[in-house]
Structure formats: C-alpha cells, structure tokens
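2 is the number of the first residue of the sequence shown in the working numbering; add one for each residue after it.
We put the CB at the ideal spot given by N, CA and C, even for glycine.
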Amino acid sequence: MAERANLVFHNKEIDGTAMKRLISRLIDHFGMGYTSHILDQIKTLGFHQATTTSISLGIEDLLTIPSKGWLVQDAEQQSFLLEKHYYYGAVHAVEKLRQSVEIWYATSEYLKQEMNSNFRITDPSNPVYLMSFSGARGNASQVHQLVGMRGLMADPQGQMIDLPIQSNLREGLSLTEYIISCYGARKGVVDTAVRTADAGYLTRRLVEVVQHIIVRRRDCGTIRGISVSPQNGMTEKLFVQTLIGRVLADDIYIGSRCIAARNQDIGIGLVNRFITAFRAQPFRAQPIYIRTPFTCRSTSWICQLCYGRSPTHGDLVELGEAVGIIAGQSIG
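Below you can see the structure in the form of structure tokens.
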C-alpha cells in the first residue's frame, strides 16, 4: 500500500496519450490484476458519460477561422511576387515551385494553430473539437480540412501541385479545387493498396528469418552487457525507456553499498533510485550494464534474462515463447 500513495490526485483532462501513460503507471505499481479492475471502472464511466453527453455533429458545429481571409490574402500576395520574379527570370522554375509550396504550407500550418485556439476560446465543448482532440475519432488534420483549408495536394507522380485548395469542406470547393482534390484522393487510395501489399511482404520475410528464435533457457551465463549512462548525452526520458524491462549484467554500487544485484530485472522503482543517485553524484556515478539479445551467448535461440520483460504482462518473458515471430510481426 505504500506504493499507492505515490499516485497523486490529478484534476485535468485525460486524452488518449495521457490514458496510455496512466495505464503504464498502473501496471508498474499494481500489476495486471488490479489494473484490469480499475480499467473496468474507467470503461463504465466512459460509457456513462458518452451516453449522457449524446454528442452529435451539425453543420453549425464547424466553426470557421476568422483570420483565414487575411492569411490567405497575404499568401496570395507572396505568390504573386514570386510569379513576377519567375516571369522576369529572377527565379528558376524548380525554385519557384519550392518557394510556392513553402508559402502555402506555412499558411496552412498557421491556420491549423489558429483553429485550435479558436475552438478553445469560442466553444470548448464543441462536438468536433471534443471528438478530434480527445483522440476518439478523427484528428487535427482532418478537422483543419473541414474548417480551415484543404491546402496542397499531390499529383499521381507524388509531385506537389503549387495551386492550393484555399476553400474548406464547410464552405465548399470550386470546380477547379474539386478536380485537384480528386488527384489527392485517388493517390491516397492507390498508395494505401500498395502500402498494404508491401507491409504484408515485409512481415512475411521478417518472420521467415527470425521464426527459430525462441526463449529456451532461463540463463545463458553471459557476462557481457551494454553500458547505459546519462553521461553519454542520453536524455533522462530515453535513459528510463532503455532501462525498464531489462536485466542487469553486473552489480550496481553507490559508494560501497550494492543497491542492485546482477540478473535483477529493472522496474520503475529501481530506475528512480539510479536517477536519484546520478543527480546526487553525477561524476561518481558508474555506467549501468544491461543484458540484451545482442549479448546473449546462444546463436539459434535466446535466454529469458537476455530478453528481459515481456511488454504483454510486464514480467519476465515465459519459457517457450516465440519472441522472434512476435518481433517480426511487430516491425512488419
């Protein structure tokens, strides 16, 4: 129960990213059993709130951005100047295309930022804003096309068309803008089909290469390891991500006191002790040696300690698990 006191009360919005972080912390502190009970309660609360809120979309919920007019006008003036420079031979055709794309991309991005603040100030409980920015459905880019501007489109060869779609879907597109939009839509469908085939082929090749790698023993007996230290220019966040779930290849000492023994798996509590010790004595802190699959003595399989914790349940990987196939499918 002492660990539960570390989870302080937070009164703030929880979006998709914050929820993932919270679940990760709950698993670290309480394990899978208690976390599943908490998540069941969160699910019930979510269903209740979604039912009582009864979010629905109407055309009036698509709030257009007041500053769009002068932003587009400013971009058009810059494009006109660029066109004049090109006409008089001061700018090459390739450079003209690049600068034109940059002008309209910057305008589109600025409009996207204005859209966020416009929703937040004008109507924080707007259904479109709630759905997209909570991560429930859609994203900022799609909302931007609805209420901002569709922006630049790519032709079938993947080249950017320097004539942007200035209208949004709320206002409606002109005939020219609709035809340019069809370019991008068609390219998106074709690219999706190609990417699906490529991803499937890559997965198949990866799995064929690593399907023999299975966790066969607890310990291969290696004394080798990879050193990890914040002194090597590694950020604290990356330092924590690298260590959690690994197994120590050597004992860790602070002064003459051993705080962690070899073959001990590293959790968030142990990482926090390492960070505290490093902050107190940054020049005396020794590098931490961890076991990895690269340092495993076996060639055709892998041991439990060199693999470390399984991301599925947060404990050491089970004997007999086909970690090679899991890795191949994850990458592909």
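Can you name the start and end residues of the alpha helix (DSSP H) that methionine 94 belongs to?
Rather than methionine, the amino acid found at residue 94 in this sequence is alanine. It spans 94-123 - the alpha helix (DSSP H) in which alanine 94 sits, taken as one unbroken run.
In terms of residues, what are the limits of the beta strand (DSSP E) holding isoleucine 289?
289-292
Just to confirm the assignment, what range does the alpha helix (DSSP H) spanning tyrosine 89 have?
Careful: tyrosine 89 lies outside any alpha helix (DSSP H) and carries neither H nor E.
I need the straight-line Cα distance from aspartate 29 to glutamine 232, nearest angstrom please.
For aspartate 29 and glutamine 232, the gap between their C-alpha atoms comes out near 26 Å.
Identify whether serine 135 lies in helix, strand or coil by the three-state DSSP scheme.
coil
Could you check how far apart the C-beta atoms of isoleucine 24 and methionine 132 are, in whole angstroms? I think they sit under 8 Å.
Isoleucine 24 to methionine 132, Cβ: 21 Å. No contact.
Would you kindly work out how many angstroms separate the C-alpha atoms of isoleucine 289 and arginine 247, rounded to a whole number?
11 Å
Report buried or exposed for valine 210, applying the criterion of at least 16 other Cβ atoms within 10 angstroms of its Cβ.
exposed
Only counting the same chain, and skipping five residues up and downstream in sequence, which positions put a Cβ closer than 8 Å to that of arginine 218?
Ser299, Trp302, Cys304, Gln305 and Leu320
Which first and last residues belong to the beta strand (DSSP E) in which alanine 328 is found?
Looking at the DSSP string, alanine 328 is not in any beta strand (DSSP E); the run it does join, the alpha helix (DSSP H), is 324-332.
Taking DSSP as the reference, what is the three-state secondary structure of isoleucine 303?
strand
Relative to the alpha-carbon of threonine 177, which residue among Thr313, Val191, Met154 and Glu322 has its alpha-carbon at the smallest distance?
Met154
Can you have a look at threonine 108 and say buried or exposed, based on whether 16 or more other CB atoms are within 10 angstroms of its CB?
buried
Which residue comes first and which comes last in the alpha helix (DSSP H) that contains alanine 51?
17-54
Within its chain, find whatever has a CB closer than 6 Å to the CB of glutamine 167; leave out the 5 residues flanking it on each side and keep chain order.
Close CB contacts of glutamine 167 within its chain, under the 6 Å cut and outside five residues either way in sequence, are with Val73 and Met150 (chain order).
Please determine, among Gly32, Lys13, Gly90 and Gln158, the residue with the shortest C-alpha to C-alpha distance to threonine 313.
Gly32
State the beta-bridge partners of cysteine 221 as determined by DSSP.
Under the DSSP definition of a beta bridge, cysteine 221 lacks any partner.
Starting from isoleucine 276, trace the alpha helix (DSSP H) both ways and give me its first and last residue.
269-281
My parser needs the alpha helix (DSSP H) runs of 4 or more residues fully inside the region 175-244; what are they?
176-211 and 237-244
Taking just the CA atoms, how far does alanine 261 sit from lysine 343?
No answer is possible for residue 343: the residues shown for the chain start at 2 and end at 333.
What's the call for isoleucine 291, buried or exposed, on a 16-neighbour Cβ count within 10 Å?
buried
Between the alpha carbons of methionine 2 and phenylalanine 134, how many angstroms are there, rounded?
With a pLDDT of only 38 at methionine 2, under 50, the local geometry of the prediction cannot be trusted, and the value read off the model is given with reservation. A direct Cα-Cα distance of roughly 35 Å separates methionine 2 from phenylalanine 134.
Expressed to the nearest angstrom, what Euclidean distance is found between the alpha-carbon atoms of leucine 40 and valine 272?
26 Å
Relative to the C-alpha of serine 118, which residue among Pro67, Ala19, Tyr87 and Gly59 is closest?
When only C-alpha atoms are compared, the closest one is Pro67.
Quick check: does the Cβ of threonine 223 come within less than 7 Å of any heavy atom belonging to the ligand NAP?
Of the ligands one can find in the structure shown there are none, so the ligand NAP has no counterpart to examine.
Tell me whether the beta-carbon of isoleucine 215 lies closer than 8 Å to the beta-carbon of valine 324.
yes
Hey, arginine 258 and leucine 249: beta-carbon distance below 8 Å or not?
Not in contact: arginine 258 and leucine 249 (Cβ atoms no closer than 8 Å).
If you measure between the beta carbons of valine 148 and threonine 65, is that distance less than 8 Å?
Contact: yes.
Quick one: what does DSSP say isoleucine 60 is sitting in, helix, strand or coil?
helix
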